[in-house]
Every structure is written in structure tokens, then in C-alpha cells.
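Visitor: I'd like to ask some things about the structure below.
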Amino acid sequence: MNDLYQKLETCLASVRKKTDFKPEVALILGSGLGDYADEIQIETTIDYTEIEGFPTSTVAGHKGRFVFGYVKQVPVVIMQGRVHYYEGYPMTDVVLPARLMGMMGAKKLFLTNAAGGVNPSFHPGDFMMITDHIATGIPSPLIGPNIEELGCRFPDMSEVYSRRLQDVIRTSAKKCGISIQEGVYVQFTGPNYETPAEVKMAAIWGGDAVGMSTACEAMAARHMGLEICGISCITNMAAGISKEELNHKEVQETADRVAKSFKELVTEIIVNM
1 MNDLYQKLET CLASVRKKTD FKPEVALILG SGLGDYADEI QIETTIDYTE
51 IEGFPTSTVA GHKGRFVFGY VKQVPVVIMQ GRVHYYEGYP MTDVVLPARL
101 MGMMGAKKLF LTNAAGGVNP SFHPGDFMMI TDHIATGIPS PLIGPNIEEL
151 GCRFPDMSEV YSRRLQDVIR TSAKKCGISI QEGVYVQFTG PNYETPAEVK
201 MAAIWGGDAV GMSTACEAMA ARHMGLEICG ISCITNMAAG ISKEELNHKE
251 VQETADRVAK SFKELVTEII VNM
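Going by UniProt numbering, the sequence shown opens with residue 1, and the numbers climb by one from there.
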């Protein structure tokens, strides 16, 4: 058995000792957006530290636990805090949580993040539906021996973000009266914010927002056959677009400001998935 798959099996066994909850939807909450999990109908929670072999988040504002419960009638598992490549973990550990949620039973993965706006028509506080991503700046999570139990060696990535779920997001946003941008998300490694030249390059590539997560998780989940959607909260304009110095406090403040709209939109999307 592949060592990575064995590690996943060990993590799953650890989870199953604590709960047999089977989610339909997996949700990863980005920086400043973690409070959403506190407001659902919670059945149980598991701290990452309780799971054998599981990587733990070290970022301020990331609680570091799985929350199992219901959004209306939909069974969900929520990551309240994700693991980032810049924390020093190998990419296989960064995507382990997404894979684990798929092994728990989730068929759909909903990714959220805080991102820097590259598209000059965006503004801090906007939501951007991710239509595609560029992950050239990070190692692929699929490098190394293929995990045959999860998917094929050369998975197709022509529709990472489900067109069906994109329609659900558009309809849900309209119903909530929330305007939503659409665009391509570019993942860099972090933890430093991008330079103005890197942001200019991202724009030339066709990127609309930049960040330090998400694309790798989407690739790993797509490899497993999960249906994926994603929303970026544009918490600041990226370097060179904005003349202001970038800082994590601004990310938190903007996320807090739009939290109510975010929660309403996410709930509507999950219910209609």
C-alpha cells in the first residue's frame, strides 16, 4: 500500500474512533471566515491534534479543528483552519485534510479563502467565484507515486471547478442580493505577500486574485473525483494594484466586515448544491 494512502487510512481510523458522521459536503474556511462553523447545528468537533498523523495549522485566526454538523438539512464537515504550504509541511500534508474529508464520504468540496485582488475592477470586500486556477507557482500535490486508491496517474483538470456548482453560486448570490465577481485564482507559496512584479505577472497569465492556498486542495480533490466550487473573499488589493502596505490585520478586518453576507451566501449555496 502507498505510504501516503496508509497515512490517510490511519487518520480516517482516528476520526472514526470519535464519530461515524458521514458528510455530503466538505467546506474549508479561509482566513477570517472561520466563525461560520460556530453557527451551524454542530454534532461533534475533533481537534486536528486528536488525529494521529494529522498536520496542524499554526496560523493566527485558524482554530484547527473539524466541525461535523448540519447546514439546514445538509450534513457537512467543516475545516475551521487549513494547513498551508508556507508553514513548512510537504504538499502531501497540505492536501491531506481535503483527501481525508473525501474519504469520510464527502462528494462535494467547497473552498473559501482570503485573497488579494489583481483585477483592477475588484474592491476589498468583494466575493469572487473561482472559475479556474493557476498553480504554476507551487509544486503539484500529485507529484510522486500515484495513490491508485484515490485516482488515476494523469487526471484531467479541464473542469476543476464544477460548471454546475458555478451556476448554483450565481443563482444563490442573486437570491441573497449579493453581487459576486468571477475570476481565476493564482496560488503562490507565501508566506510573504507577492511583489508588484509577481502580481503583474499573475495578471498577464490571466489571474484575477492571488493567494496562498486552495488550488492545491482543488487539484487533490479533483484527482479523487470530488465536485468542487470555490469563493475568494477579496480582502485587499494586491501589491502594485494598491499603493498601501499589505498586512494580515487588513485581511482579518475586511473578512469581519463581510462576514454576515458571507455566511448567508455560503448557507444558500450549500443548501442548493
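Even for Gly, the Cβ is constructed at its ideal location relative to N, Cα and C.
Compare the Cα-Cα distances from Ile-169 to each of Tyr-85, Glu-264, Met-219 and report the closest residue.
Guide: Numbered from its first residue, the sequence shown carries residue 169 at position 169. Comparing Cα positions, the closest option is Glu-264.
Visitor: Note down, in chain order, each residue of its chain lying with its Cβ closer than 8 angstroms to the Cβ of Ile-42, except the 5 sequence neighbours on either side.
Guide: Along the sequence shown, read from residue 1 onward, the residue named residue 42 stands at position 42. Taken in chain order, the residues that qualify are Val-67, Phe-68, Gly-69.
Visitor: If you measure between the beta carbons of Val-95 and Cys-216, is that distance less than 7 angstroms?
Guide: For the purposes of this step, residue 95 is taken as residue 95 along the sequence shown, with counting starting at 1. For the purposes of this step, residue 216 is taken as residue 216 along the sequence shown, with counting starting at 1. Their beta carbons are under 7 angstroms apart, which means Val-95 touches Cys-216 by this criterion.
Visitor: In three-state DSSP terms, what is Ile-147?
Guide: Counting from 1 along the sequence shown, the entry for residue 147 is found at position 147. Coil at Ile-147, not helix or strand.
Visitor: Keeping to the same chain, check which residues put their C-beta closer than 7 angstroms to that of Glu-268; ignore five residues upstream and five downstream.
Guide: If you number the sequence shown from 1, residue 268 lands on position 268. Ser-172, Lys-175, Cys-176.
Visitor: Can you name the start and end residues of the beta strand (DSSP E) that Val-74 belongs to?
Guide: Along the sequence shown, one-based indexing puts residue 74 at 74. Element bounds for Val-74: 74-80.
Visitor: Could I get the ranges of all uninterrupted beta strand (DSSP E) runs contained in the segment 30-67, with 3 residues as the minimum, in chain order?
Guide: Within the segment 30-67, the complete beta strand (DSSP E) runs of at least 3 residues are 41-47.
Visitor: With which residues is Thr-112 paired in a DSSP beta bridge?
Guide: On the sequence shown, position 112 is the one that residue 112 refers to. Bridge partners of Thr-112: Ile-231.
Visitor: Could you compute how far the alpha carbon of Val-15 sits from the alpha carbon of Ile-270?
Guide: As a first step, residue 15 must be located in the sequence shown, where it is residue number 15. As a first step, residue 270 must be located in the sequence shown, where it is residue number 270. If I take the Cα positions, the gap works out to 23 angstroms.
Visitor: Return the first residue and the last residue of the beta strand (DSSP E) that Phe-127 is part of.
Guide: Taking the sequence shown and counting its residues from 1, one reaches residue 127 at position 127. Its beta strand (DSSP E) spans residues 127-134.
Visitor: Just curious, the alpha helix (DSSP H) that Tyr-5 is in, first and last residue?
Guide: For this step, residue 5 is matched to residue 5 along the sequence shown. Where Tyr-5 is concerned, the enclosing alpha helix (DSSP H) stretches over 3-16.
Visitor: Return the bridge partner residues of Ser-242 from the DSSP annotation.
Guide: Residue numbering aside, residue 242 sits at position 242 when the sequence shown is read from its first letter. Ala-239, per the DSSP bridge assignment.
Visitor: Straight-line CA distance for Ala-239 to Glu-198?
Guide: Numbered from its first residue, the sequence shown carries residue 239 at position 239. Numbered from its first residue, the sequence shown carries residue 198 at position 198. So the alpha carbons of these two residues sit roughly 9 angstroms apart.
Visitor: Among Asp-126, Leu-8, Pro-75, Thr-10, which residue has its Cα nearest to the Cα of Ile-180?
Guide: Taking the first residue of the sequence shown as 1, we reach residue 180 at position 180. The residue with the shortest Cα to Cα distance from Ile-180 is Asp-126.
Visitor: Could you work out which residue in Ala-106, Ala-114, Met-104, Glu-52 is closest to Arg-82 when comparing CA atoms only?
Guide: Walking along the sequence shown from the start, residue 82 turns up at place 82. Closest option to Arg-82, Cα to Cα, is Ala-114.
Visitor: In angstroms, rounded to a whole number, what distance separates the CA positions of Tyr-185 and Lys-17?
Guide: Here residue 185 refers to the residue found at position 185 when the sequence shown is read from its first residue. Here residue 17 refers to the residue found at position 17 when the sequence shown is read from its first residue. Rounded to the nearest angstrom, the two C-alpha atoms are 37 angstroms apart.
Visitor: Using 10 angstroms around the beta-carbon of Ala-13, count the other beta-carbons present and answer buried if the total reaches 16, otherwise exposed.
Guide: Numbered from its first residue, the sequence shown carries residue 13 at position 13. Per the 10 Å Cβ criterion, exposed.
Visitor: Please classify Gly-152 as buried or exposed, where buried requires at least 16 other C-beta atoms within 10 Å of its C-beta.
Guide: For this step, residue 152 is matched to residue 152 along the sequence shown. Before going further, note that residue 152 is Cys rather than Gly in the sequence given. Exposed, because fewer than 16 other Cβ atoms sit within 10 Å of the Cβ of Cys-152.
Visitor: Taking 7 angstroms as the cut-off, decide whether the C-beta atoms of Gly-32 and Ala-255 are in contact.
Guide: Sequence index remark: in the sequence shown, residue 32 carries index 32 (1-based). Sequence index remark: in the sequence shown, residue 255 carries index 255 (1-based). A contact, by the Cβ cut-off of 7 angstroms.
Visitor: To the nearest angstrom, how far is the alpha carbon of Glu-52 from that of Lys-7?
Guide: Within the sequence shown, the letter at position 52 stands for residue 52. Within the sequence shown, the letter at position 7 stands for residue 7. Spanning the two alpha carbons is a distance of roughly 9 angstroms.
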